[in-house]
Amino acid sequence: MRSSLTRRDLLAAGTGLAAAAALPALSGCSALAAADSDPDTLVVHTQLGTTAPGSPTYLAAVDRFQNENPGLKVKNLVNGDDLGQVYETSRLARKEADVVMVNLYDKTLAWTDVDATVDVLPYLEDWGLRERVLPAALSAWTDDRGRLRAFPYFATNWPVAYNRALLDRAGVDEIPTTGDALIAAARKLRAKGIAPVTVGGNDWTGQKLLAQIIQTFLSPEEARHAYSTGDFGSRGAREGIEYFTTLRDAGVFADKAQGLTSDSMTTQYNTRSAAIESAMSSALAKVPPEVARHTEVGGWPLAEGAAHARPTVIRAFTLIGFWISPNGVRKIGHVEKFLRFMYRPDTVSRFITESGRDMALRTDTVSTDFPLVAAAQRLGSEVSEVLLPDVYVPPAATQPLITATSTSFTRGTGAAKVRAALESAYRSA
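Residues -33 to -1, 1 to 396 (mature numbering (1 follows the signal peptide of the UniProt record, and there is no 0)) make up the sequence shown, in order.
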């Protein structure tokens, strides 16, 4: 096993030192100046701090932490989707932040294996925080060698949102729970000029919905195999792809879905232009009150012979975790104080009540001011769960799969071509 993140590793992952110039919000810092030589400054590289859901709550938490720990400062380095690339560039120069707040996806899957970050399990146990973590979250963040990649923090429910008022206007009496009912509902909605299911067919939101639909006929073990290896040739995977193309060609998805993004998806749903969307809990928290009051959450409708007993949702515990870098180990006393504070029940509760976030930690707090998030939390046995593919897809296949997703949402693309596009994403990786 390689013992460090080499220049070759980074270049192969599509990074380079030139990425240092791409930092959009580092308060005047560059990527190669991310580490702080001040022993009393903790540098946190995070996706929270601007528009990401939970950012105001996080920034307020940092202020409280500093007030409780006079003399200890926190410097936030804020990035969006390019955080992984920027962190790797900083790590290459040994100037990385002490703590990284990011999800388990794409590039980050390899970080612990190449010593870009450290195994945090000994710290979790030594600091007595293990019992704060939900068992499913602990499992999701643990690699196949038993290493805990990061301290779990944010989770998500990913149900389907149905605008009951738009369905009623179109004459759809019940929330569809089968594919046939969904197709019939789509026809009625289109007759009223309403887009049925809006989806970002050109980005990660479409990729997740496609994966959810493909899993209609797959057990968790079969789904894990398909997304780990890129082998979609099993009977269940082929049936799932055929189910997807049947829905697509029947007009279930919004027009030109292959070109839509997550932003256009949420805009269509939140402005009542579309009746249905597959929405993670952070998106549900942003649904306007006048739309939320007419929204019901449920699962994705099933086809006959499905491997699941009820309509499906995705539940995941790998949305954001606290990773510790080699630089962070040198300030481990400060890191411990920070993580103990972030794991405190009162801190966790604020993310739920103020930001509508789902957490990977044990808590009795409910998102009362975010009714759709709370409704998704209550779904329980009404739905079946399918896997979030992120933690199984090889990092090099992640972006090719997005391209394959756009191809898949293009009407008229046959099931065989969809399968070929998905499998090609792995071969080209």
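Glycine included, each C-beta is placed from N, C-alpha and C at the ideal position. Keep in mind it's a predicted model, so treat the numbers as computed, not measured.
- The C-alpha of D357 is placed about 15 Å away from the C-alpha of W78.
- Excluding the 5 residues flanking it on each side, V258 has same chain C-beta neighbours closer than 7 Å at N130, N237 and R239, in chain order.
- Scanning Q344, P256 and I287 for the CA closest to the CA of I281 turns up Q344.
- Per DSSP, the unbroken beta strand (DSSP E) holding K42 starts and ends at K40 to V45.
- According to the DSSP assignment, P338 belongs to the alpha helix (DSSP H) that extends over P338 to Q344.
- Nearest Cα to L355 within the set V139, N169 and I181: I181.
- Counting only residues of its own chain and dropping the five nearest sequence neighbours on each side, S316 has a CB closer than 6 Å to the CB of T332.
- Bounds of the beta strand (DSSP E) holding V127 are V127 to N130.
- In the displayed model, H275 falls within coil according to three-state DSSP, outside both helix and strand.
- D82 sits in coil when the DSSP states are folded into three classes, being neither helix nor strand.
- For L346, same chain residues with a beta-carbon under 8 Å away, outside a window of 5 residues either side, are N124, P126, V264, G265, G266 and V280 in chain order.
- Taking C-beta separations shorter than 6 Å and ignoring five residues to either side along the sequence, the partners of V340 in its chain run S248, L251, A252, G323 and S334, following chain order.
- In this structure, V53 sits away from F289, with a CB-CB distance that is not shorter than 8 Å.
- If you draw a straight line from the Cα of G95 to the Cα of E189, it is about 36 Å long.
- For T238, there is no enclosing beta strand (DSSP E), as DSSP gives it neither H nor E.
- The shortest CA-to-CA distance from L368 to any of Y393, L214, T228 and V164 is the one to Y393.
- For T13, there is no enclosing alpha helix (DSSP H); the enclosing beta strand (DSSP E) covers residues T8 to T13.
- If the five residues before and after T18 are omitted, its C-beta is found closer than 8 Å to no C-beta atom of its own chain.
- E209 and I291 have their alpha carbons spaced roughly 43 Å apart.
- Counting along the chain, the unbroken beta strand (DSSP E) around M68 starts and ends at V66 to V69.
- Take the alpha-carbon of E35 and the one of S231: they are about 42 Å apart.
- Assignment of L251 by DSSP, reduced to helix, strand and coil, places it in the helix class.
- A straight-line Cα-Cα distance of about 40 Å links A178 and H301.
- Contact between F220 and V164 is confirmed by a C-beta separation of about 5 Å, below the 8 Å threshold.
- Between G168 and L76, the alpha-carbon positions lie close to 24 Å from each other.
- Cβ contact annotation for A132 (same chain, cutoff 6 Å, sequence separation greater than five): H261, in chain order.
- For G265, the uninterrupted beta strand (DSSP E) segment begins and ends at T262 to G265.
- Comparing alpha carbon positions, the residue from L269, A193, D73 and R99 closest to L306 is R99.
- Here DSSP, grouped into helix, strand and coil, assigns E352 to strand.
- Residue pairing for I291: DSSP places it in a beta bridge opposite V66.
- In this structure G47 is exposed. Its beta-carbon is surrounded by fewer than 16 other beta-carbon atoms within 10 angstroms.
- Note that the C-beta distance between R277 and E349 is below 8 Å.
- Between R215 and R378, the CB-CB gap stays under 8 Å.
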